[in-house]
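The sequence shown begins at 9 in our numbering and counts up by one. Glycine included, C-beta positions come from ideal geometry on N, C-alpha and C. In this text the structure is predicted, and so the values were computed from the model without any measurement.
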Amino acid sequence: MSTIFSKIVNGESHADIVYQDDRVTAFRDINPQAPVHILIIPNKEIPTVNDVTEADEQMLGHLFTVAKIVAEQENVDESGYRLLINCNRDANQEVFHLHMHLFGGQALGPMLMRR
Ligand code: AMP
Numbered sequence: 009m010s011t012i013f014s015k016i017v018n019g020e021s022h023a024d025i026v027y028q029d030d031r032v033t034a035f036r037d038i039n040p041q042a043p044v045h046i047l048i049i050p051n052k053e054i055p056t057v058n059d060v061t062e063a064d065e066q067m068l069g070h071l072f073t074v075a076k077i078v079a080e081q082e083n084v085d086e087s088g089y090r091l092l093i094n095c096n097r098d099a100n101q102e103v104f105h106l107h108m109h110l111f112g113g114q115a116l117g118p119m120l121m122r123r
């Protein structure tokens, strides 16, 4: 079944798209957790990192090139940013279309909250 992210890729659902090409789409998170919060996704629907295959390697590498482009566009390349990918329950993955979060625009603090 298609996720909301596939609908954003093919234009069926609206999103604030900041970058798109034939392999990757990047758009603003609807519920931002930082001043800059962009989701960078493969256009191809891969549910989780567990579903990645070697055939996807080039396309997934392109996510990083797009992350760099978006960071420059958002003017956080020098100040810094965090890239994060959640996988399955313990990471609180909500949308099962693999996506890389790009957070920036403020000091982001330590990587994980201590319990
Ligand atoms: P994750 O927990 O890694 O699966 O993150 C899913 C992210 O998708 C959350 O930060 C949501 O706020 C975001 N999100 C869900 N639906 C949309 C949407 N329609 N447009 C933009 N971001 C969305």
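Under 7 Å, do residue i and residue j count as touching if we go by C-beta distance?
{"i": "Val-103", "j": "Thr-11", "result": "yes"}
{"i": "Leu-48", "j": "Leu-68", "result": "Contrary to the premise, residue 48 reads as Ile rather than Leu in this sequence. Cβ distance not < 7 Å, so Ile-48 and Leu-68 don't count as in contact."}
{"i": "Arg-31", "j": "Asn-51", "result": "yes"}
Return the Cβ separation of residue i and residue j in integer angstroms, given the expectation that the two are a contact with Cβ distance under 8 Å.
{"i": "His-105", "j": "Phe-13", "result": "4 Å"}
{"i": "Val-26", "j": "Val-78", "result": "6 Å"}
{"i": "Val-57", "j": "Cys-95", "result": "5 Å"}
Which two residues bound the contiguous alpha helix (DSSP H) that contains residue i?
{"i": "His-45", "result": "That residue, His-45, is in no alpha helix (DSSP H); its beta strand (DSSP E) goes 44 to 50."}
{"i": "His-105", "result": "Premise fails: His-105 is in no alpha helix (DSSP H) and is neither H nor E."}
Does the distance between the C-beta of residue i and the nearest non-hydrogen atom of ligand 1 fall short of 6 Å?
{"i": "Ala-23", "result": "yes"}
Is it true that the region 113 to 120 meets the region 56 to 63, where meeting means three or more beta-carbon pairs spaced less than 8 Å apart?
Flag = no, the region 113 to 120 and the region 56 to 63 do not touch.
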